[in-house]
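Below is one structure; the comments refer to it alone.
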Amino acid sequence: MSSRVGLPSKRPDPAEEDVECPYSPTSSSGSSCHQDMQQSSQGQAAQSSNNASTSSTRGGEEDHEEELSQRVNIPPCISKEEHRALSTAMPHPPVTKEGLEELDLEWITSNIRLRIDLNYDHNLEFMRDPGVRGELKRQEARKYWLSLEAELKIMYQHNFLPSCVECETQCSSTPMEPGFFKPRLPDMLYKLKDLLTALLPDSEHDQLAQCLDIPLLLQELSHGLMDIVRLAGWIRQRVTSHCAPYRDKAAHDMADQIRDGVERGDIGALVAGVESLFGLLEAMQLDVANHQVRNLRGSFIDDTVDFQRKYFGVRIENGHLTTRDSHRWWLVAFTDHGQNCVVLGETLNDPPFVSLIHGLVGLCLNQLAIIPETLKYDTSRLRMLSAEIQELVHVEICLVVFNKLVEQIRGSAGGNPGLMYGELRTRLMALTETDPALDTTVASCWKRHVNAVTLELMHSALRFCQKPDSTLTEDLAETTAKMLDEKFLYEARFRIVARAVGRALEECTYKYAKVYEGLPASTISYAQNRLRRRFQPPPGCRLLTDFGIMASRLAHIAVIHWRVWEDLVYLREDESDDDESEEDESVGDEDGDITAARGGDAE
Numbered sequence: 001m002s003s004r005v006g007l008p009s010k011r012p013d014p015a016e017e018d019v020e021c022p023y024s025p026t027s028s029s030g031s032s033c034h035q036d037m038q039q040s041s042q043g044q045a046a047q048s049s050n051n052a053s054t055s056s057t058r059g060g061e062e063d064h065e066e067e068l069s070q071r072v073n074i075p076p077c078i079s080k081e082e083h084r085a086l087s088t089a090m091p092h093p094p095v096t097k098e099g100l101e102e103l104d105l106e107w108i109t110s111n112i113r114l115r116i117d118l119n120y121d122h123n124l125e126f127m128r129d130p131g132v133r134g135e136l137k138r139q140e141a142r143k144y145w146l147s148l149e150a151e152l153k154i155m156y157q158h159n160f161l162p163s164c165v166e167c168e169t170q171c172s173s174t175p176m177e178p179g180f181f182k183p184r185l186p187d188m189l190y191k192l193k194d195l196l197t198a199l200l201p202d203s204e205h206d207q208l209a210q211c212l213d214i215p216l217l218l219q220e221l222s223h224g225l226m227d228i229v230r231l232a233g234w235i236r237q238r239v240t241s242h243c244a245p246y247r248d249k250a251a252h253d254m255a256d257q258i259r260d261g262v263e264r265g266d267i268g269a270l271v272a273g274v275e276s277l278f279g280l281l282e283a284m285q286l287d288v289a290n291h292q293v294r295n296l297r298g299s300f301i302d303d304t305v306d307f308q309r310k311y312f313g314v315r316i317e318n319g320h321l322t323t324r325d326s327h328r329w330w331l332v333a334f335t336d337h338g339q340n341c342v343v344l345g346e347t348l349n350d351p352p353f354v355s356l357i358h359g360l361v362g363l364c365l366n367q368l369a370i371i372p373e374t375l376k377y378d379t380s381r382l383r384m385l386s387a388e389i390q391e392l393v394h395v396e397i398c399l400v401v402f403n404k405l406v407e408q409i410r411g412s413a414g415g416n417p418g419l420m421y422g423e424l425r426t427r428l429m430a431l432t433e434t435d436p437a438l439d440t441t442v443a444s445c446w447k448r449h450v451n452a453v454t455l456e457l458m459h460s461a462l463r464f465c466q467k468p469d470s471t472l473t474e475d476l477a478e479t480t481a482k483m484l485d486e487k488f489l490y491e492a493r494f495r496i497v498a499r500a501v502g503r504a505l506e507e508c509t510y511k512y513a514k515v516y517e518g519l520p521a522s523t524i525s526y527a528q529n530r531l532r533r534r535f536q537p538p539p540g541c542r543l544l545t546d547f548g549i550m551a552s553r554l555a556h557i558a559v560i561h562w563r564v565w566e567d568l569v570y571l572r573e574d575e576s577d578d579d580e581s582e583e584d585e586s587v588g589d590e591d592g593d594i595t596a597a598r599g600g601d602a603e
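Numbered by UniProt numbering, the letters in the sequence shown go through residues 1 to 603 in order.
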């Protein structure tokens with residue numbers, strides 16, 4: 001392969017470290033860069049906007065750039081996969097400044113989900129999406145880089161001419177359907193410049209404009225004179241001057257990969273190097289954003305209540321947030337708490353706030369409960385608590401069955417089965433790993449593992465009673481499995497154990513809430529972080545969550561939530577008036593009680 005046809009010439013000195021800017025001065029422009037979290041959803045509308053913006057920066061383009069931007073025939077020598085990629089791949093690189101917009105400091109400071117979540121997770125950071133959406137983006141990215149590889153192949157073999165020897169051979173055997181594509185190289189170079197402009201300091205922008213003079217690069221590219229190796233070396237030098245030290249290897253590998261692809265005439269390796277470059281720039285922007293989050297975390301947490309009140313207050317006033325259902329949810333919790341909850345022998349004071357705790361516990365006891373709109377951003381935390389409570393409930397049921405097994409095997413002999421509880425809890429949790437693809441709830445997970453749980457209960461009972469495993473009979477196994485299954489079904493229907501756990505959790509949560517009540521948000525948050533680190537289970541080890549930890553986390557949610565929403569929704573008089581206008585007698589009575597309680601507190 002000739003490095004002068006669509007590919008760069010070899011680097012004069014591959015070992016050279018001090019890479020000069022390889023191009024003469026010319027004017028060009030760029031802008032800021034941010035995270036690739038929403039690039040797939042931006043679609044063609046965002047791209048058309050990007051194209052309009054890009055076109056405004058390309059005044060006075062030469063004829064060679066216009067030729068590169070026109071539609072090009074897809075020659076027959078291109079494989080079906082490459083043909084499909086050229087026709088359907090996205091027109092812009094997978095990593096762009098527009099796609100990384102959420103990593104901009106302005107976006108970070110106004111990101112409501114981030115501002116809320118930081119209260120509860122100090123290790124929160126931006127990262128590439130590992131889920132289904134992330135996989136879809138990776139598939140689109142692979143298609144884009146394949147299209148770029150095919151485009152370079154066409155440039156090398158054809159120099160944009162209609163056919164080559166391989167084309168004629170292909171046409172004589174299996175004719176291909178004709179197609180066209182618009183070259184992606186010009187846009188890729190502009191996007192690369194935008195990313196570098198955002199990452200490099202202002203003092204280096206003039207040098208960047210010289211080195212990434214896009215019209216000149218495209219002219220050199222069209223004549224096979226573009227020195228990609230030298231350009232990659234310069235980018236590596238600039239990047240390693242500003243990236244975190246642990247990114248240096250990736251920068252060197254990127255430049256080496258591009259040089260290797262050029263020297264061996266391997267277009268695939270060359271494109272892989274360019275792909276690595278864009279991935280490195282994305283990683284650098286993630287590093288910058290996460291560094292900013294760490295630096296701003298303390299001030300964000302201190303300001304969390306005021307920020308949320310302003311944010312949600314504006315949304316309520318503008319009609320973008322409907323809170324009537326949330327208010328009614330709290331009213332139901334208020335009524336139920338007043339009628340049924342007595343803790344430590346007397347009804348708790350501060351009924352409005354304690355009613356919120358009562359309502360939160362109710363949500364946690366039901367994994368399928370509808371989360372009120374005011375708790376939308378706490379949904380994942382409440383769902384996690386709900387799952388942990390359900391794990392606790394099912395383990396407690398298993399311990400009841402274990403006690404009955406011990407009685408059957410041992411009779412009335414002495415011994416305390418409770419001595420086995422700690423070990424048994426650990427074994428049961430290890431047996432019941434949840435599979436998101438199979439289990440919609442914790443209950444369905446335990447039902448799926450009922451046979452394994454039954455065997456573990458029987459072996460543990462025999463071991464406690466010092467009986468050999470040979471004592472185990474099919475009748476005992478069948479009876480135990482039936483008893484366990486019946487207790488699971490009974491609990492699912494009547495929730496006896498869950499309600500008992502809920503009462504204990506509510507009492508414990510209230511105790512933590514009273515401690516947190518007068519503390520600043522940052523003090524509560526850092527106390528929670530210390531607790532989490534203290535009780536962090538070993539990696540790969542599945543343990544029951546400590547009951548006190550669950551209560552402290554729920555109290556944290558309750559205290560912050562009440563400070564934000566107390567006057568915005570729950571004790572807001574116009575919300576009460578709306579409910580009264582519905583002529584709901586019971587709700588009207590509840591509202592009167594609430595007003596009185598609030599007035600009493602004010603006095």
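Heads up, the beta-carbon is just placed ideally off N, CA and C, and yes, glycines get one too.
Residue i in three-state terms, based on DSSP
| i | result |
| --- | --- |
| glutamate 101 | strand |
| valine 95 | coil |
| lysine 467 | coil |
| leucine 212 | coil |
| histidine 449 | coil |
| glutamine 536 | coil |
| methionine 458 | helix |
| leucine 392 | helix |
| asparagine 403 | helix |
| asparagine 340 | helix |
| leucine 368 | coil |
| aspartate 546 | coil |
| asparagine 111 | coil |
| cysteine 243 | coil |
| serine 79 | coil |
Residue i to residue j span [Cα, whole Å]
| i | j | result |
| --- | --- | --- |
| leucine 462 | glutamate 391 | 24 Å |
| tyrosine 23 | cysteine 211 | Confidence is the limiting factor: at tyrosine 23 the pLDDT is only 35, short of 50, which leaves the residue's position unreliable, though a coordinate-based value still follows. Each residue's alpha carbon lies about 5 Å from the other. |
| threonine 26 | alanine 209 | With a pLDDT of 38 at threonine 26, under the threshold of 50, the modelled position of this residue cannot be trusted; read the value that follows with caution. So the alpha carbons of these two residues sit roughly 7 Å apart. |
| leucine 368 | valine 442 | 11 Å |
| asparagine 551 | cysteine 364 | Note that residue 551 is alanine in the sequence shown, not asparagine. Looking at the two C-alpha atoms, the distance is approximately 11 Å. |
| leucine 382 | serine 79 | 51 Å |
| residue 636 | proline 130 | The displayed coordinates of the chain run from 1 to 603. Any statement about residue 636 would go beyond what the structure contains. |
| leucine 216 | methionine 254 | 23 Å |
| arginine 247 | leucine 280 | 8 Å |
| tyrosine 421 | valine 393 | 14 Å |
| tyrosine 510 | valine 354 | 7 Å |
| asparagine 318 | valine 332 | 27 Å |
| leucine 124 | alanine 289 | 11 Å |
| tryptophan 562 | leucine 375 | 11 Å |
| glutamine 285 | arginine 294 | 14 Å |
| lysine 404 | glutamine 339 | 36 Å |
| serine 460 | glycine 415 | 14 Å |
| proline 183 | leucine 146 | 13 Å |
| proline 520 | methionine 226 | 59 Å |
| cysteine 465 | isoleucine 549 | 33 Å |
| aspartate 256 | leucine 114 | 38 Å |
| leucine 185 | histidine 92 | 9 Å |
Residue(s) in a DSSP beta bridge with residue i
| i | result |
| --- | --- |
| asparagine 73 | Phe180 |
Among the options, nearest to residue i - alpha-carbon criterion
| i | options | result |
| --- | --- | --- |
| histidine 83 | Met226, Arg493, Glu151, Ser222 | Glu151 |
| serine 241 | Leu476, Ile74, Phe181, Leu196 | Leu196 |
| arginine 358 | Lys482, Glu456, Glu506 | Note that residue 358 is histidine in the sequence shown, not arginine. It is Glu506 whose Cα lies nearest to the Cα of histidine 358. |
| asparagine 73 | Lys511, Phe180, Ile258, Ala452 | Phe180 |
| alanine 198 | Lys404, Ser110, Thr96, Leu146 | Thr96 |
| isoleucine 214 | Leu231, Tyr311, Gly134, Cys243 | Leu231 |
| alanine 513 | Arg503, Leu484, Ile549, Ala555 | Ala555 |
| arginine 572 | Met155, Ser326, Gly265, Leu189 | Ser326 |
| isoleucine 112 | Leu457, Phe312, Pro186 | Phe312 |
| alanine 430 | Asp378, Pro539, Ile154 | Pro539 |
| tryptophan 565 | Glu275, Asp206, Ile228, Phe307 | Phe307 |
| valine 401 | Trp107, Phe488, Arg495, Gly265 | Phe488 |
| isoleucine 258 | Ala452, Gly273, Phe494 | Gly273 |
| glutamine 528 | Leu457, Pro537, Ile557 | Ile557 |
| leucine 428 | Glu396, Met127, Thr440, Asp104 | Glu396 |
Cutoff 8 Å: residue i Cβ touching any chain B Cβ
| i | result |
| --- | --- |
| glutamate 491 | Among the chains of the structure shown, chain B does not appear; only one protein chain is present. |
Which runs of the alpha helix (DSSP H), 4 residues or longer, sit entirely within the region 474-522? Every alpha helix (DSSP H) stretch that sits fully inside the region 474-522 and reaches 4 residues is listed by chain position as 474-494, 496-516.
What runs of the alpha helix (DSSP H), each 4 residues or longer, lie entirely inside the region 251-332? If we require 4 residues or more, the alpha helix (DSSP H) runs fully inside the region 251-332 come out as 267-302, 304-317.
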